[in-house]
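Colleague: Handing you this structure, nothing more for now.
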Amino acid sequence: MYSFLYKDNPVFKFGEHMYVGISVGYYICLTWFNIMRPNLFDKIIGDPGFYWYLVFPGILGVMMLFRFSRSLSWVSRYPLAYYVAAGAGLAIPAIIQAYILAQMHSTFNPLWVSDLTVVELFTQKDVMKEVLVNFFTQIVIFVGVLSVLIYFFFSLEHRGAVGRISQVGIWFLMITFGASFGYTVMARISLLIGRMQFILGDWLGLKLG
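Each residue of the sequence shown is one higher than the last, beginning at 5 in the working numbering.
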């Protein structure tokens, strides 16, 4: 697969087709043995009187296959619309809770989390260190969120104080994108190292290290 970095070649084409074919076959078997067979066919055949309602999702699944027919492809629109609507109805509340409400709640955490006075904190250095770390962390989060929101607020011209704050937001965005890209690269390299260790060590029996 990595031969594509040099140029397109027959070896890459062979690896690409093998990867797609094996992946499709694997997921078809996985879907049949882990989802369709135990949750649909075995239940309907085993106790049709109790699981009669499973016939309806089975019919919707069969209707999806009409997508391959030119004259009857319109039939597949109904189960697809139901699938999209049900998926959106289940996903939207969870996404709003996880990515909006929870993040907003974390943004408005108190800056000072200790009931001790300043004099008492100086006598307890461990507690003081924890309180100060939390204080500066919340300050950074607040400044980052505010500056990034101002950067994406296009109703005001980015000049003067607004422009300077939006510049801070750009720095926060660049740091975030860089950290995300670095994390992705590290994950991919770790995956590559694991596969190479499997091929060279487990498969070919070579002694590594």
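Note that the Cβ used here is the ideal one computed from N, Cα and C, for glycine as well.
Look at the alpha carbon of Phe-3 and the alpha carbon of Gly-53, and state the distance between them as a whole number of angstroms.
Modeller: What is shown of the chain runs 5 to 213, which leaves residue 3 out entirely.
Colleague: Take the Cβ of Gly-25 as the centre, count every other Cβ of all protein chains shown within 10 Å, and call the residue buried at 16 or more, exposed below.
Modeller: exposed
Colleague: Taking the beta carbon of Ser-216 as the centre, do at least 16 other beta carbons fall within 10 Å, making it buried, or is it exposed?
Modeller: Outside the shown range of the chain (5 to 213) lies residue 216, about which nothing can therefore be said.
Colleague: Do you know offhand how far Leu-58's Cα is from Leu-64's?
Modeller: So the two alpha carbons sit approximately 10 Å from each other.
Colleague: Determine the closest residue to Phe-70 out of Tyr-82, Trp-36, Phe-60, with distance taken between C-alpha atoms.
Modeller: Tyr-82
Colleague: What alpha helix (DSSP H) runs, 4 residues minimum, are completely inside the region 59 to 102?
Modeller: 59 to 68, 81 to 100
Colleague: Would you identify the three-state DSSP class for Gly-209, choosing helix, strand or coil?
Modeller: coil
Colleague: For the alpha helix (DSSP H) containing Gly-53, name the first residue and the last one.
Modeller: It is not in any alpha helix (DSSP H) - Gly-53 carries neither H nor E in the DSSP assignment.
Colleague: In three-state terms, what does DSSP make of Ser-159?
Modeller: coil
Colleague: Name the two residues that bound the continuous alpha helix (DSSP H) containing Tyr-30.
Modeller: 14 to 35
Colleague: Does the region 147 to 156 come into contact with the region 168 to 184, if we say contact requires no fewer than three beta-carbon pairs (one atom in each stretch) closer than 8 Å?
Modeller: yes
Colleague: For Trp-175, report the span of its alpha helix (DSSP H) as first-last.
Modeller: 164 to 201
Colleague: Looking only at its own chain, which residues have a Cβ that is under 8 Å from the Cβ of Val-149, when we skip the five neighbours before and after it?
Modeller: Thr-111
Colleague: By alpha-carbon positions, which one of Ala-90, Ile-99, Val-144 ends up nearest to Ile-179?
Modeller: Proximity to Ile-179 across Ala-90, Ile-99, Val-144 peaks at Val-144, based on C-alpha coordinates.
Colleague: State the Cα-Cα distance for the pair Asn-13 and Gly-19, rounded to the nearest angstrom.
Modeller: 10 Å
Colleague: How should Ser-151 be labelled, buried or exposed, when 16 other C-beta atoms within 10 angstroms of its C-beta is the threshold for buried?
Modeller: buried
Colleague: Just how far apart, CA to CA, sit Arg-74 and Trp-36?
Modeller: 26 Å
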